[in-house]
Amino acid sequence: MSYKICTEVSDLCPVSATTYGYYPNFGGNVFFTAFFGALFISGLAIGIRGKTWTFALALGIGSGLEMLGYVGRVMMHKNPWDSAGFKMQICCIVLGPSFLAACVYLTMKHLVLHFGPEHSLLKARLYPWIFVGCDLGSIVLQAIGGGVAASAGDTGNMKLLDAGNGLIVAGIAFQVATMTGCGLLVALYIFRYKKAAKLGTPTTEKNEYNAGENRKLRLFCIAIAIAYITILTRCVYRLPEMSGGWGNPLMQNELEFLILDGAMIAIATLVMTIFHPAFYLPGMSSRKSAAVTESPSTSDISQQHDMPQKSDERQLTLAIQAIQKDPTQSLRAISKVYSVDHRKVARRLHEVIRGWFELLRNTIAKYGIYEADIYNFDETGFMMGVISTAMVVTSSDGRAKAKRVQPGNREWVTVIQG
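Just so you know, we're using the working numbering here: the sequence shown kicks off at 640 and counts up by one.
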């Protein structure tokens, strides 16, 4: 018997003949509808306030689609043959997690830049381009498949329904491959970062020194890891569920669906909303990005202080720039060009560094640059600038000093004696 004409449950159109073979649970689906609706509103509000536009858009679309999908399932509770409810839930619940996965990829660039791009196999800027691009590809495949399957549901054309199902499976498989590739790159990054930490590289020392400041960021990393695992779990579950064909036993098990799809995506959305980058990853904010973009570079600062344009001065400029990264590097670079008793050059270097910190302090006060600070050292009149791993101090007696930042270590290493 053909069920193409079925529009509601009856003796001729039993619920067992529907795609899912059951009445969707009212309480469970209402819960997820309200849950994703609340997260949709919260995520958008936080994103707008924190100006994390791209992340907020992806999170909003993902949670919004999930909410609409469960609205469709609530509609099917009354009538499992409801065509509108079936179309809504199949399209929205299939597509929603792809946008949430995009949220994970969007954070990769900023996390790599913070913890050290030198440990990454890819350039930081390539993470969103590659993985969000692949994610969009999976979204297109799943959207086409969902549309084909939804239209086939009206006609009862099983060949068309299977074709749509195949496209959905291909899109989910591509998404699993993309997430697996991203996970492998992150695992390699963590391995290289830990290896560098044992050697005490400047970037890892900076993060160790700023442990209190980075506590929020580490919580954010844990949240992103949880979101990644839960989204991947849902995708892996969906592969056999969809590849088994419409109406297969796995597809007709609602409890497994609510746990391995609904609950997994709910957890992912919840942690990315609570640990929103607007609070835990300021680098993603357009407001913060604008501040960093508008802040002057070291070379610009040195030029503003009338740096002599000699061939040797290029090395001196590089040495000053190295102060941002590693004091020992700047010591070695300066010693190769100038002896420590070269008073004329020492005074010139002191003027550049002193002017540089003065301009940097004004810039920080104006723009609020992330991970930089300047404050008074003590009653002796020292002015201290904290930049990444280096702490440089200038004083009125004509000396410039530098040391590596280590809590509890008060010993100074003289760079130049003027």
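Just so it is clear, CB atoms sit at the ideal spot from N, CA and C, and this is done for glycine as well.
field: Selected residue, minimal CA-CA separation from A907, among Y919, A917, I861
entry: To locate residue 907, count along the sequence shown from 1; it is residue 268. Checked all of Y919, A917, I861; the closest Cα to A907 is I861.
Q. By how many angstroms is the C-alpha of L696 removed from the C-alpha of T967?
A. By one-based count along the sequence shown, residue 967 stands at place 328. By one-based count along the sequence shown, residue 696 stands at place 57. Here the model assigns T967 a pLDDT of 42, short of 50, so the residue's position is not dependable, and the following value carries that caveat. Looking at the two C-alpha atoms, the distance is approximately 44 Å.
At least 3 beta-carbon pairs within less than 8 Å: the region 703-716 vs the region 776-785: no
| query | Anyone know if the C-beta pair for M727 and M714 falls short of 9 Å? | reply | Stepping through the sequence shown from its first residue, residue 727 is reached at position 88. Stepping through the sequence shown from its first residue, residue 714 is reached at position 75. For M727 and M714, yes; Cβs fall inside 9 Å.
Could I get the ranges of all uninterrupted alpha helix (DSSP H) runs contained in the region 722-768, with 4 residues as the minimum, in chain order? 722-754
Practice item. Buried or exposed for R688, please, with buried defined as at least 16 other CB atoms from any protein chain shown within 10 angstroms of its CB. Key: As a first step, residue 688 is located in the sequence shown; it is residue number 49 there, counting from the start. Its Cβ having fewer than 16 others within 10 Å, R688 is exposed.
* Asked: On the three-state DSSP scale, how would you describe K643?
  -> Here residue 643 is taken as the residue at index 4 of the sequence shown, counted from 1. Reduced to three states, the DSSP call for K643 is coil.
**Message:** Classify L1082: buried if its beta carbon has 16 or more other beta carbons within 10 angstroms, exposed otherwise.
**Reply:** For residue 1082 there is no data in the structure shown, the boundaries of the chain being 640 and 1057.
Checklist entry - Just reading off the alpha helix (DSSP H) that L871 is part of, what are its end residues? => result Indexing the sequence shown from 1 puts residue 871 at position 232. Note, L871: alpha helix (DSSP H), 854-882.
Q) Between G758 and the rest of its own chain, which residues show a CB-CB distance below 7 Å, the 5 nearest in sequence each way excluded? A) The residue you call residue 758 lines up with position 119 of the sequence shown. It is His, not Gly, that sits at residue 758 in the sequence shown. Around H758: Y828, R831, Y832, A835.
| Where L651 falls, given that 16 or more other Cβ within 10 Å makes a residue buried | As a working note, residue 651 is residue 12 in the sequence shown. So L651 ends up on the exposed side.
- Item | 4-residue-minimum alpha helix (DSSP H) runs that sit fully inside the region 641-713, ordered along the chain | 665-689
Distance between L760 and G699 (C-alpha atoms, nearest Å): Taking the sequence shown and counting its residues from 1, one reaches residue 699 at position 60. Taking the sequence shown and counting its residues from 1, one reaches residue 760 at position 121. If you take the alpha carbons of G699 and L760, they lie about 31 Å apart.
Can you list, in chain order, the residues of its chain with a C-beta nearer than 7 Å to that of A741? Leave out the 5 residues immediately preceding and following it. Your numbering for residue 741 matches position 102 in the sequence shown. The residues are A697, V771, D774.
Item to complete: Starting from the C-beta of P653, find all residues in its chain whose C-beta is less than 8 Å away, skip the five residues before and the five after it, and write them out in chain order.
Response: The sequence position of residue 653 within the sequence shown is 14, counting from 1. If we look at P653 and ignore the five residues flanking it on each side, it has no Cβ neighbours.
Practice item. Along the alpha helix (DSSP H) that carries I807, what are the first and last residues, could you check? Key: The residue labelled residue 807 in the question sits at position 168 within the sequence shown. Residues 797-838.
Check the C-beta distance from P736 over to G701 and give it rounded, since I have them as a contact under 8 Å. Counting from 1 along the sequence shown, the entry for residue 736 is found at position 97. Counting from 1 along the sequence shown, the entry for residue 701 is found at position 62. So it is a contact: roughly 7 Å between Cβ atoms.
Beta-carbon gap between L871 and V910 smaller than 9 Å
Position 232 of the sequence shown, counting from 1, holds the residue named residue 871. Position 271 of the sequence shown, counting from 1, holds the residue named residue 910. No; because the gap between Cβ atoms is not below 9 Å, this pair is not in contact.
**Prompt:** Leaving out five residues before and five after N718 in sequence, what residues of the same chain have Cβ atoms less than 6 Å from its Cβ?
**Reply:** Stepping through the sequence shown from its first residue, residue 718 is reached at position 79. Only E647 meet the Cβ criterion.
### Task
Give the DSSP-derived three-state secondary structure of M890 in the structure shown.
One-based indexing of the sequence shown puts residue 890 at position 251. If DSSP states are grouped into helix, strand and coil, M890 belongs with coil.
Next item on the list: For T672, collect the residues of the same chain with a Cβ closer than 7 Å to its Cβ; drop the 5 residues on either side in sequence, then sort them by chain order.
Entry: Within the sequence shown, the letter at position 33 stands for residue 672. Hits under 7 Å: M706, Y709, V710, V713.
How would you call F665, buried or exposed, if buried means at least 16 neighbouring beta carbons within 10 angstroms?
-> Taking the sequence shown and counting its residues from 1, one reaches residue 665 at position 26. The residue is exposed, with fewer than 16 neighbouring Cβ atoms inside 10 Å.
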